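Numbered by my numbering, the letters in the sequence shown go through residues 677 to 1063 in order.
Where is the CB? At the ideal position from N, CA and C, for every residue including glycine.
Because the structure is a prediction, the values reported are computed rather than measured.
Report on one structure; see the data block that follows.
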Amino acid sequence: MWRVFLTGATGFLGGELAVALSKSSSVEKIVCLIRAKNNEEATGRLQSVFAVHQDTYDRNKIVALAGDLMDERLPTVLARYPSMAETNLVVHAAANTSFLQQKNPVIEQTNLWGSQRIAAWASRLRALETFAYIGTATIVGAGKDVVGRMLNEDEAPNPLAKHLVGYTRSKMFGEMAVRAIIPSEKLLVIRPSILVGDTRGIVPRSFDIAWIIAALKHLRMSFGNPDAACDVIPVDYAANAILELLMGRRTHTTYHVSAGRSATTCRQVFNSVGCNGSDRPPLVYLTRTHLELIKRWLRTNNAPDPELSPYSRHLEYVRDQIGKRRARLLLSGLEMYWRFIDLDQRFDNARLLGDTRIGISEPAHDYLKRTAVYLDHIDPLQAAVNP
Ligand SMILES: NC(=O)c1ccc[n+]([C@@H]2O[C@H](COP(=O)([O-])OP(=O)(O)OC[C@H]3O[C@@H](n4cnc5c(N)ncnc54)[C@H](OP(=O)(O)O)[C@@H]3O)[C@@H](O)[C@H]2O)c1
């Protein structure tokens, strides 16, 4: 029977993991580390996670523990709980997932040093059988050698990799720190690709990334390569795959949980979620040069550059229906994502498919078409200014 310690249970993926673990008959206890003033507040936060989709919160099985990865005393605090000494499975899913450069110090404290703290505590557990680190496939970075193709697990971590944002760099160093502490026979590194939505037709617990689709439906302009591969999977597929990896027989230490050959493209997603055919102008795919000209036009009262004249209907729509200030904020929230889209990366999932019965994930353009009715209720501006 598994006695689990889980971090990140209030998150998009962590919430699904908490619920899925609680439903497993081979799990006896789950202790979740939750940011809160005290255990009572932590319990309230965890109960809300279960309430999102009306899942049963079993008080005899699930326990919330107040704690923060940024707290230097965390390993000592955790070691003080006698009941935690019997933990045999640690699932470390918490991370600061912001792309904002100004948050880099906190991101590093959480994702690198926080992971090191959890691993340091876990390495002293007598009963530990598996330490599962939830990483990200994007730690492979953005160097010329890793773009435009299928990538396998062994191509990362590479400490010399070039990164677009501090988040992916910190996750790479976090994974390296965990690898250095946890013996390889107990270590399981799981690297999901990009999580968007849910195939079950329920409103997902987070609109992270999905807000970008909502923003582009609103803006009617996209500035990334529309035909670049986007390795997107639904959160329920990711949680199920992770459960299978945790509980099943494994032949590797490191696994991508990804779409691989069933990766989608922006064009396929936008075609399927109805970005065309409405009363607004059709979605257009523009270049980065166009983007700079549009940004300049949004900042001034000058007429748009003549190069933008084929898109005058779009500019009128932006000016009259969105407003120049709101459009500026939206474009600034989206800035980094064009560069991610252009990486054109797919993550090989042969190990996952070989060692589990999960099967390939449904392509994002198919399940989003069926399930993403909630996109029109997302306020993209709200998401863009609070990433
Ligand atoms: N979402 C994706 O597309 C994606 C893709 C690949 C890999 N991943 C990885 O999957 C894992 C889960 O991601 P997610 O999408 O669920 O992220 P998320 O929705 O942003 O949730 C992050 C979780 O980490 C917790 N956390 C953040 N800072 C913390 C701290 N200082 N102390 C304790 N807990 C802290 C958050 O708690 P609060 O509620 O208190 O903020 C929340 O529970 C992460 O490791 C992420 O790197 C995610």
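Check this for me: beta carbons of residue i and residue j, under 8 Å apart or not?
{"i": "THR806", "j": "LYS862", "result": "yes"}
{"i": "ARG1027", "j": "GLU920", "result": "no"}
{"i": "ILE695", "j": "PHE726", "result": "In the sequence under discussion, the amino acid at residue 695 is Val, which differs from the Ile named in the question. Yes, the Cβ-Cβ distance between VAL695 and PHE726 is below 8 Å."}
{"i": "ILE794", "j": "TYR843", "result": "no"}
{"i": "SER882", "j": "ILE909", "result": "no"}
{"i": "ALA853", "j": "ILE810", "result": "no"}
{"i": "VAL823", "j": "ALA1040", "result": "no"}
{"i": "GLY684", "j": "ALA771", "result": "yes"}
{"i": "ARG943", "j": "PRO902", "result": "yes"}
{"i": "THR875", "j": "THR1047", "result": "yes"}
{"i": "TRP797", "j": "ALA755", "result": "yes"}
{"i": "HIS894", "j": "ILE998", "result": "yes"}
{"i": "ARG956", "j": "TYR987", "result": "no"}
{"i": "ARG925", "j": "LEU864", "result": "no"}
{"i": "ARG1004", "j": "LEU1057", "result": "no"}
{"i": "LEU1029", "j": "CYS951", "result": "no"}
{"i": "ASP907", "j": "ARG1022", "result": "yes"}
{"i": "ILE857", "j": "SER799", "result": "yes"}
{"i": "LEU697", "j": "ALA808", "result": "no"}
Looking only at its chain, what residues have a beta carbon closer than 6 Å to the beta carbon of residue i, apart from the 5 residues adjacent to it on each side?
{"i": "ARG845", "result": "HIS839"}
{"i": "SER962", "result": "Per the sequence shown, the amino acid found at residue 962 is Leu instead of Ser. Contacts found: MET897, PHE899."}
{"i": "ASN780", "result": "GLY842"}
Short of 7 Å in beta carbon distance, which residues of its chain neighbour residue i, apart from the five on each side in sequence? Order them along the chain.
{"i": "PRO859", "result": "none"}
{"i": "ASN828", "result": "ASP1024"}
{"i": "SER985", "result": "none"}
{"i": "MET1012", "result": "PHE775, LEU840, VAL841"}
Can you tell which of the options has the C-alpha that lies nearest to the C-alpha of residue i?
{"i": "LEU1051", "options": "ILE889, ASN828, GLY924, PRO781", "result": "ILE889"}
{"i": "PHE681", "options": "VAL933, LEU801, TYR733", "result": "LEU801"}
{"i": "ALA905", "options": "ARG926, PHE1016, ILE998, PRO958", "result": "PHE1016"}
{"i": "TRP658", "options": "ALA1040, VAL1049, GLU968", "result": "Past the edges of the chain, shown from 677 to 1063, lies residue 658, and the structure says nothing about it."}
{"i": "SER791", "options": "VAL823, LYS820, LEU745", "result": "LEU745"}
{"i": "THR686", "options": "ALA718, THR814, LEU697, ASN834", "result": "ALA718"}
{"i": "GLN730", "options": "GLY691, PRO751, ILE710", "result": "GLY691"}
{"i": "ASP830", "options": "THR930, THR786, ASP955, VAL753", "result": "THR930"}
{"i": "ALA939", "options": "ILE815, SER869, LEU922, LEU765", "result": "SER869"}
{"i": "MET677", "options": "LYS699, VAL703, SER698", "result": "VAL703"}
{"i": "ASN834", "options": "ALA818, LEU962, ALA1003", "result": "ALA818"}
{"i": "GLY850", "options": "THR773, HIS966, SER701", "result": "THR773"}
{"i": "PRO958", "options": "ASN947, HIS966, SER698, THR965", "result": "ASN947"}
{"i": "GLN964", "options": "VAL949, GLU983, THR976", "result": "The displayed chain sequence assigns Arg, not Gln, to residue 964. Comparing Cα-Cα distances from ARG964 to each of VAL949, GLU983, THR976, the minimum goes to GLU983."}
{"i": "HIS1053", "options": "ARG975, LEU991, PRO880, ASN736", "result": "PRO880"}
{"i": "ALA837", "options": "MET826, ARG855, ARG825, VAL816", "result": "VAL816"}
{"i": "ARG735", "options": "ASN977, VAL949, GLU716, ARG995", "result": "GLU716"}
{"i": "ASP1055", "options": "TYR757, ASP884, MET826, PRO751", "result": "ASP884"}
{"i": "HIS966", "options": "VAL949, GLU748, LEU991", "result": "LEU991"}
{"i": "ALA917", "options": "LEU750, GLN777, ASP1031", "result": "ASP1031"}
{"i": "VAL949", "options": "GLU1038, GLN778, PRO758, ASP1042", "result": "ASP1042"}
If I'm right that residue i touches residue j with Cβ under 8 Å, what's the distance once you round it to whole angstroms?
{"i": "LYS705", "j": "ALA742", "result": "That pair is no contact at about 17 Å."}
{"i": "VAL960", "j": "ARG896", "result": "7 Å"}
{"i": "ALA915", "j": "LEU689", "result": "7 Å"}
{"i": "PHE775", "j": "VAL841", "result": "5 Å"}
{"i": "LEU1019", "j": "ALA1060", "result": "So it is not a contact: roughly 21 Å between Cβ atoms."}
{"i": "LEU1044", "j": "VAL945", "result": "6 Å"}
{"i": "ALA813", "j": "HIS932", "result": "5 Å"}
Counting only the same chain and skipping the five closest in sequence on each side, list residues whose C-beta sits under 8 Å from that of residue i.
{"i": "LEU722", "result": "ALA685, THR686, ALA694, CYS708, ILE710, TYR733, ILE738, ALA740"}
{"i": "THR786", "result": "LEU745, MET746, ALA770, ALA771, ASN772, SER846"}
{"i": "ASP981", "result": "LEU969, ARG972, TRP973"}
{"i": "ALA803", "result": "ARG679, ALA761, GLU762, THR763, ASN764"}
{"i": "ILE1036", "result": "ALA935, GLY936, ARG937, SER938, ASN1025, LEU1029"}
{"i": "SER1071", "result": "In the structure as shown, the chain starts at 677 and stops at 1063, and residue 1071 therefore has no counterpart that could be examined."}
{"i": "SER1008", "result": "ALA1060"}
{"i": "THR976", "result": "none"}
{"i": "LEU750", "result": "GLY743, ASP744, GLY790, ARG793, ILE794, TRP797"}
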